[in-house]
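Enquirer:
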Amino acid sequence: MELNVRVLPKFIDGECSIEFSFFFDQADMKIGEAVILTCEEEMDAQLIEEEPILNPKKRERQYPKIAFVTDLAVMEGHKPAAMNEIKKFLNVIGIHNIRYRDKPVAVMA
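Numbering-wise (the working numbering), the sequence shown opens with residue 239 and increments by one.
#1: Starting from the C-beta of residue 328, find all residues in its chain whose C-beta is less than 6 Å away, skip the five residues before and the five after it, and write them out in chain order.
#2: Residue 268: which of 259, 301, 279 and 312 sits nearest, CA to CA?
#3: Report the partner residues of residue 247 according to the DSSP bridge assignment.
#4: May I ask you to report which of helix, strand or coil DSSP gives residue 279?
#5: Residues in the same chain with beta-carbon distance under 6 Å from residue 308, minus the five sequence neighbours each way, listed in chain order, please.
#6: Report, in whole angstroms, the separation of the C-beta atoms of residue 245 and residue 262, which I expect to be a contact under 8 Å.
#7: Going by C-alpha to C-alpha distance, which of 326, 265 and 330 sits closest to residue 241?
#8: Whose C-alpha, out of 319, 279 and 331, is nearest the C-alpha of residue 243?
#9: How far does the alpha helix (DSSP H) with residue 241 in it extend, from its first residue to its last?
Structure (structure tokens):
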């Protein structure tokens, strides 16, 4: 049976990051949810210039994007399918590195 996914984005001012809330269900049953925070891998870019977040074109270097799984609550047996849906979504938006509690979860090719 197919897993249905709903994604709600939220821009976080001041951190130059986007938080994605994922909601998973199958038929009429809620399977779980996840919260993914996306940002640049090196937030040290803020130290290079006075206002790098407000003017990213002035940055001396562009850093790769990374995703952090900050919350994952999915019914047992459905976690691999949920993570697969998260990976597919992040791959579409160009994020290839996912971490969960400071440990790499997946690096996509």
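Glycine included, every Cβ here is placed at the ideal spot set by N, Cα and C. For clarity, every value in this text was computed on a predicted model and none was experimentally measured.
Expert: If we stick to the structure as given:
#1: 305
#2: 312
#3: 258
#4: coil
#5: 273 and 275
#6: Contact doesn't hold; Cβ gap of about 10 Å is too wide.
#7: 265
#8: 319
#9: No alpha helix (DSSP H) contains residue 241, which DSSP labels as neither H nor E.
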